[in-house]
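Everything in the sequence shown is counted per our numbering, starting at 19 for the first residue and increasing by one. We put the CB at the ideal spot given by N, CA and C, even for glycine. Since this is a predicted model, take the numbers as computed values, not measurements. Reading through the structure tokens given below for one structure.
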Amino acid sequence: MPELPEIETIKRGLTSLIINQKVNKVILHRKNLRWVIPKHLSTTLTNQSINTIDRRGKYLLIKFKIGTLIIHLGMSGSIKVVDINTPLLKHEHFELQLQNGTSMRLKDPRRFGAVLFSKDGSHKLLDSLGVEPLKTSFYNGYLYQKSRNKQQNIKAFIMDNKIVVGVGNIYACESLFMAGINPKLKAGIISKTRYNILTQSIKNILTQAIEAGGTTLQDFVQVNGNPGYFTQNLSVYGFKNKKCYRCKGIITRFVQNQRSTFYCKKCQT
19 MPELPEIETI KRGLTSLIIN QKVNKVILHR KNLRWVIPKH LSTTLTNQSI NTIDRRGKYL
79 LIKFKIGTLI IHLGMSGSIK VVDINTPLLK HEHFELQLQN GTSMRLKDPR RFGAVLFSKD
139 GSHKLLDSLG VEPLKTSFYN GYLYQKSRNK QQNIKAFIMD NKIVVGVGNI YACESLFMAG
199 INPKLKAGII SKTRYNILTQ SIKNILTQAI EAGGTTLQDF VQVNGNPGYF TQNLSVYGFK
259 NKKCYRCKGI ITRFVQNQRS TFYCKKCQT
């Protein structure tokens with residue numbers, strides 16, 4: 019699933035390609051993805067200029083004077099900007115045709131993504147989100163404060179988007195490894211000192227992933243069609259039965275909260 023680094027990568031890629039461009043035509047190639055795509059977009063966004071592009075958690079926010087287009091990539095979505103005459107590919111369900119002769123297209127094979135609209139920029143899906151991990155609101159002490167009396171495991175805790183957004187499964191495994199924390203520990207028993215280390219680890223891992231253009235394991239591609247290269251920097255995720263580069267222990271995989279968890283028993287305590 020595309021997470022914070024992947025959406026941030028797409029946001030940055032789109033910025034130079036579609037900012038200040040006027041929408042000539044909006045085409046809905048199907049009526050719905052995870053939810054119904056607002057039919058009125060075909061008229062609402064026509065002749066409107068794209069002012070800015072932001073990100074909130076895993077949501078891409080394309081802002082116009084009249085409101086905000088909210089896009090979520092679901093499990094396997096991607097966005098490309100191509101020449102308007104490029105043949106439509108299978109699973110490209112939504113597109114903005116722009117005045118400069120290009121088309122921004124959303125591809126979503128599994129259709130778990132979303133295309134929504136808000137006049138004032140707010141939405142119930144955004145309102146419940148936790149803090150952004152790369153902003154000052156994610157400070158040392160924040161996770162410790164939020165974790166008191168929590169019985170859930172630490173990995174599930176940092177993946178909770180109501181606590182902090184964008185720490186997906188891969189980045190949770192990598193951050194816990196960097197911090198030397200066992201993913202099975204209960205969130206409520208971890209010390210403030212260790213949480214501060216984890217906070218910095220999350221920031222470091224996400225920053226590195228963004229600089230590498232995200233992580234591609236299967237479907238994700240950048241706006242230019244390139245994969246995300248953070249895959250080359252992974253330390254534990256996908257390394258079952260391989261030697262830990264740090265302590266030479268063996269990386270273990272187990273299923274946790276219906277997701278694969280990878281960690282080193284020797285140096286994550």
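Can you check DSSP and say which residues form a bridge with Phe280?
As a working mapping, residue 280 is identified with position 262 in the sequence shown. Arg271, per the DSSP bridge assignment.
Check whether the stretch 62 to 72 and the stretch 97 to 107 are in contact - that is, three or more C-beta pairs closer than 8 Å.
Taking 8 Å as the limit for Cβ pairs, the verdict is that the stretch 97 to 107 does not touch the stretch 62 to 72.
Looking at the structure shown, is Gly246 part of a helix, part of a strand, or coil, going by DSSP?
Translated into the one-based positions of the sequence shown, residue 246 becomes position 228. Its pLDDT being 46, under 50, Gly246 is placed unreliably in this model, and the coordinates cannot settle the point.
Bridge partner(s) assigned by DSSP for Asp72:
If you number the sequence shown from 1, residue 72 lands on position 54. Bridge partners of Asp72: Leu79.
Looking at Val41 and Thr321, is the spacing between their C-beta atoms short of 8 Å?
Outside the displayed range of the chain (19 to 287) lies residue 321, so it cannot be described from this structure.
Need the endpoints of the beta strand (DSSP E) that Leu124 sits in, please.
In the sequence shown, counting from the first residue as 1, residue 124 sits at position 106. Leu124 -> beta strand (DSSP E) spans 120 to 125.
Do the CB positions of Phe112 and Val133 come within less than 8 Å of each other?
The residue given as residue 112 occupies position 94 in the sequence shown. The residue given as residue 133 occupies position 115 in the sequence shown. Yes, they are a contact pair.
State buried or exposed for Leu224, treating a residue as buried only when at least 16 other CB atoms are found within 10 Å of its CB.
Indexing the sequence shown from 1 puts residue 224 at position 206. Looking at its Cβ environment, which holds 16 or more other Cβ atoms inside 10 Å, Leu224 is buried.
Under 7 Å from any heavy atom of the ligand HEM, does the C-beta of Ala227 make it?
With respect to the ligand HEM, the structure shown offers nothing to examine, as it has no ligands at all.
For the stretch 143 to 162 and the stretch 177 to 184, state whether three or more C-beta atom pairs, one from each stretch, are separated by less than 8 Å.
Between the stretch 143 to 162 and the stretch 177 to 184 there are three or more inter-stretch CB-CB distances shorter than 8 Å, so the stretches are counted as touching.
Alpha carbon of Lys283 to alpha carbon of Ile172, nearest angstrom
Here residue 283 corresponds to residue number 265 of the sequence shown, with the count starting at 1. Here residue 172 corresponds to residue number 154 of the sequence shown, with the count starting at 1. Each residue's Cα considered, the two are about 15 Å apart.
Give me whichever residues DSSP pairs with Ile97 in a beta bridge.
In the sequence shown, residue 97 corresponds to position 79, counting from 1. Bridge partners of Ile97: Leu124.
Return yes when the Cβ of Gly198 is within less than 8 Å of the Cβ of Thr287, no when it is not.
Residue numbering aside, residue 287 sits at position 269 when the sequence shown is read from its first letter. Residue numbering aside, residue 198 sits at position 180 when the sequence shown is read from its first letter. Going by C-beta atoms, Thr287 is nearer than 8 Å to Gly198.
Is it the case that the stretch 272 to 283 contacts the stretch 210 to 218, given that we only count it when at least three CB pairs across the two stretches are under 8 Å?
Touching, no.
Separation of Leu143 from Ile36, as counted between CA atoms
Locating residue 36 in the sequence shown gives position 18, where the first residue counts as 1. Locating residue 143 in the sequence shown gives position 125, where the first residue counts as 1. Rounded to whole angstroms, Ile36 to Leu143 spans 25 Å at the Cα level.
Where does Phe195 sit, in a helix, a strand or coil, going by DSSP?
The residue given as residue 195 occupies position 177 in the sequence shown. Residue state, collapsed to three classes: helix.
Opposite Glu67 in the DSSP bridges: which residues?
Against the sequence shown, residue 67 aligns to sequence position 49. The sequence given here places Ser at residue 67; Glu does not occur at that position. Answer by DSSP bridge pairing, in chain order: Lys40.
Through-space distance from Arg30 to Lys258, alpha-carbon basis
If you number the sequence shown from 1, residue 258 lands on position 240. If you number the sequence shown from 1, residue 30 lands on position 12. Approximately 33 Å between the Cα atoms of the pair.
Got a sec, what are the start and stop residues for the alpha helix (DSSP H) Phe175 sits in?
Position 157 of the sequence shown, counted from the first residue, corresponds to residue 175. Its alpha helix (DSSP H) spans residues 172 to 176.
Using only the alpha-carbon positions, how far apart do Leu107 and Asp178 sit?
As a first step, residue 107 is located in the sequence shown; it is residue number 89 there, counting from the start. As a first step, residue 178 is located in the sequence shown; it is residue number 160 there, counting from the start. So the two alpha carbons sit approximately 34 Å from each other.
Given a cut-off of 8 Å, decide if Lys125 and His109 are closer than it, judged by their beta-carbon atoms.
Stepping through the sequence shown from its first residue, residue 109 is reached at position 91. Stepping through the sequence shown from its first residue, residue 125 is reached at position 107. Yes, the pair counts as a contact, with Cβ atoms nearer than the cut-off.
Extent of the continuous alpha helix (DSSP H) run through Glu229
Your numbering for residue 229 matches position 211 in the sequence shown. Start and end: 210 to 229.
In chain order, what residues of the same chain lie with their CB nearer than 7 Å to the CB of Cys285, ignoring the 5 residues before and after it?
In the sequence shown, residue 285 corresponds to position 267, counting from 1. For Cys285, where only same-chain residues beyond five positions count, the Cβ hits under 7 Å are Gly198, Cys262, Arg264, Cys265, Gly267.
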